[in-house]
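Residue numbers (the numbering used here): 2 to 290.
Think of the CB as a built atom: it goes at the ideal place given N, C-alpha and C, for glycine as much as any other residue.
Predicted, not measured: the structure shown is a model, and the values here were computed from it.
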């Protein structure tokens with residue numbers, strides 16, 4: 002499948018702009034320092050306890066998701082996460098981020114300042130959710146943004162939000178988000194991709210923008226620094242149910258079949274084949290040895 006050429010909206014950065022008066026020798030020196038830092042990072046990563054470990058150098062390419070060419074998409078980079086936005090449905094195709102163990106322990110107060118993103122065509126507006134009967138359900142959770150004030154603010158853009166049943170939002174969905182934070186603390190870091198299942202035949206909408214109401218949501222999770230590498234998927238219905246999360250666990254392969262998306266393609270083929278077949282939640286709930 003041919004890769005689409007996405008359009009990026011670049012968010013504010015706290016990094017200072019480089020000075021324009023650098024000499025060629027200084028540029029070369031800085032380049033060597035940068036390459037050395039990347040190499041060191043690929044060899045060693047904080048596991049949340051202050052210790053370091055040998056890890057595979059997958060890099061941020063694990064956050065790449067391949068979606069069907071016909072799917073409307075605008076990629077928007079926020080602080081700590083990236084949204085693949087669908088202007089026709091006024092919500093994400095998916096949201097992807099890396100959650101480290103230290104980020105999962107953040108203490109930034111939760112924000113309540115939901116707002117549209119004026120830079121994104123098709124962004125929902127506050128009126129769409131008012132008196133709709135649905136919660137403004139975070140895809141990138143506010144609980145994962147507590148490591149940074151800007152990340153917390155960005156998580157409340159309506160481009161990161163889907164119409165979600167109130168009991169689901171505060172029930173099974175919230176429980177799964179909390180589990181991810183526990184797993185990130187244990188396994189050093191996770192790559193998480195989540196969103197509504199827009200491949201379903203959907204007829205319900207809310208608000209003047211006609212925001213599509215999903216019937217279910219997906220979440221795929223990869224622990225690239227675990228030994229061995231693990232992955233798991235979830236399909237969560239957008240209706241209250243007495244079923245537990247274990248019954249909603251499935252393989253990444255199955256989520257790919259449902260959504261039409263391709264996750265974690267940067268993994269070596271032999272690793273990807275094995276981990277994307279896994280669907281055992283008990284393996285994820287085991288304590289680290």
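Do the segment 84-100 and the segment 149-166 touch if we need at least three Cβ pairs shorter than 8 Å? yes
Nonlocal neighbours in the same chain, by C-beta distance under 7 Å from residue 80, ignoring five residues either side: 12, 149, 151, 152, 155
Three or more C-beta pairs closer than 8 Å, one from the segment 240-253 and one from the segment 278-286: is that the case here? The segment 278-286 and the segment 240-253 touch, with three or more beta-carbon pairs separated by less than 8 Å.
Where the beta strand (DSSP E) through residue 98 begins and ends: Residue 98 -> beta strand (DSSP E) spans 92-101.
Mapping DSSP to helix, strand and coil, what is residue 291? Look at the range of the chain in this structure, 2 to 290, and you will see that residue 291 is not part of it.
Please list the terminal residues of the continuous alpha helix (DSSP H) segment that includes residue 85. No alpha helix (DSSP H) contains residue 85, which is instead part of the beta strand (DSSP E) from 82-87.
So if DSSP puts residue 72 in a beta bridge, which residue, or which two residues, is it bridged to? None; residue 72 has no bridge partner.
By the 10 Å Cβ neighbour count, where 16 or more other Cβ atoms means buried, how is residue 165 classified, buried or exposed? buried
With C-beta atoms as the reference, is residue 191 less than 8 Å away from residue 268? no
Taking 8 Å as the threshold (C-beta atoms), are residue 96 and residue 115 in contact? no
Which two residues bound the contiguous alpha helix (DSSP H) that contains residue 240? Unbroken run through residue 240: none, as it is neither H nor E.
What are the boundary residues of the alpha helix (DSSP H) that residue 224 is part of? Run containing residue 224: none in the alpha helix (DSSP H); it sits in the beta strand (DSSP E), 217-224.
So the candidates are 218, 217, 187; which of them puts its Cα closest to the Cα of residue 286? 187
Proximity winner among 139, 197, 244, relative to residue 261 (alpha-carbon distances): Distances from the CA of residue 261 to each of 139, 197, 244 were compared; the closest alpha carbon is that of 197.
What would DSSP say about residue 283, mapped onto helix, strand or coil? helix
Beta-carbon separation of residue 237 and residue 184 under 8 Å? no
Beta carbon of residue 223, beta carbon of residue 265: below 8 Å? yes
Closest residue to residue 135 among 169, 259, 258, 182 (Cα-Cα distance): 169
Which residue marks the beginning of the alpha helix (DSSP H) containing residue 188, and which one marks its end? Boundaries of the alpha helix (DSSP H) harbouring residue 188: 173-188, taken from the DSSP string.
For residue 202: DSSP bridge partner residues: Looking at the DSSP assignment, residue 202 forms no beta bridge with any residue, so it has no partner.
Assign residue 213 to one of two classes, buried (16 or more other C-beta atoms within 10 Å of its C-beta) or exposed (fewer than that). Only buried fits residue 213, as 16 or more other CB atoms lie within 10 angstroms of its CB.
Please classify residue 138: does DSSP put it in a helix, a strand, or coil? Three-state DSSP puts residue 138 in a strand.
Are residue 205 and residue 276 touching if we call contact CB-CB under 8 Å? no
With C-beta atoms as the reference, is residue 256 less than 8 Å away from residue 219? yes
Residue 76 versus residue 120: straight-line alpha-carbon distance, rounded: Separation of residue 76 and residue 120 (C-alpha to C-alpha, rounded to the nearest whole angstrom) is 12 Å.
Residue span of the beta strand (DSSP E) that contains residue 151, given as start and end: Segment 150-155 is the alpha helix (DSSP H) holding residue 151; no beta strand (DSSP E) there.
Inter-residue spacing [alpha-carbon to alpha-carbon] between residue 85 and residue 288: 34 Å
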